[in-house]
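Here's the structure we're looking at; comments come further down.
Numbering (this note's numbering), first residue to last: 6 to 176.
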């Protein structure tokens, strides 16, 4: 099971921008990265009256659409799934899973805090791997700016990906 690191923060704080940079850098370093984004609202991927929509409407519990180089799977769920369960569907064969959101789960977090008047992390300090902020905070957690994605990727590699090539982690 690959390690999970969650990127959390308020809406429009820069979470997706940070994830884009981390995925690119970690990929350039030879790591296979999966991303799972939590959506607060209902998720609808099917186009009404198209084949996959019609099959879902007929009662299919799961539907997959496959084309050259891409796969999309939709599955009906009774409840939200936790990131570790979701990894089975998206990322079990990857080196690292980054999530956007899922702040209620106890995975290591990179919290993005920008431009807010009240600059305090919402995550418990023991869960914080790092903070990305435009103003330094009085907290004993590594802090970076949005432009330091390379350093953040290095921290992730050091804590979660070193030794992954051989299948063993040394702590």
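Glycine included, C-beta positions come from ideal geometry on N, C-alpha and C.
Annotated three-state conformation of residue 63 is coil, per DSSP. Uninterrupted beta strand (DSSP E) stretches at least 3 residues long and entirely within the segment 103-139 occur at 114-118, 133-138, given in chain order. Under the Cβ criterion (8 Å, minimum of three pairs), the segment 22-31 does not count as touching the segment 73-83.
Here residue 148 is bridged, per DSSP, to 136. In this model, residue 20 and residue 82 are separated by some 26 Å (Cα to Cα). CA-to-CA, the gap between residue 55 and residue 79 works out to about 14 Å. Residue pairing from DSSP leaves residue 19 without any beta-bridge partner.
Beta bridge pairing from DSSP links residue 92 with no other residue. Shown here, residue 68 sits in a strand according to DSSP, grouped into three states. Considering only 84, 16, 88, the residue with the shortest C-alpha distance to residue 41 is 88. With a threshold of 16 other beta carbon atoms within 10 Å, residue 138 meets it and is buried. Inclusion of residue 142 and residue 160 in the CB contact set at 8 Å is not warranted, their separation being larger than that value. Here DSSP, grouped into helix, strand and coil, assigns residue 101 to strand.
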